[in-house]
């Protein structure tokens, strides 16, 4: 499966990913945290896949990626927030 990042400028091959993680990141314009999802490869390089306003939304996206992988989907497009 390939994952197309949120801004549609990067494609990541799921087979080359060691981990996908959520990281709280700075503050949003409204003075609250935002949550970024990164895909890390075996060399330690991380690619940003998407940014979400809440941790719950980011966790929902991770579950969605796992589901699409489980059903052998070919492509997963990171959704907007």
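Residue numbers (our numbering): 100 to 180.
Just so you know, even glycine gets a beta-carbon here, dropped at the ideal spot from N, CA and C.
In the same chain as residue 101, and ignoring 5 residues on each side of it, the C-beta atoms closer than 8 Å to its own belong to 110, 111, 112, 113, 173, 174, 175, in chain order.
Per DSSP, the continuous beta strand (DSSP E) segment holding residue 124 begins and ends at 116 to 124. A straight-line Cα-Cα distance of about 27 Å links residue 180 and residue 143.
The C-beta of residue 164 has 16 or more other C-beta atoms within 10 Å across all chains shown, which makes the residue buried. Here residue 149 is buried: its Cβ has 16 or more other Cβ atoms, across all protein chains shown, within 10 Å. Note that the C-beta distance between residue 121 and residue 158 is below 8 Å.
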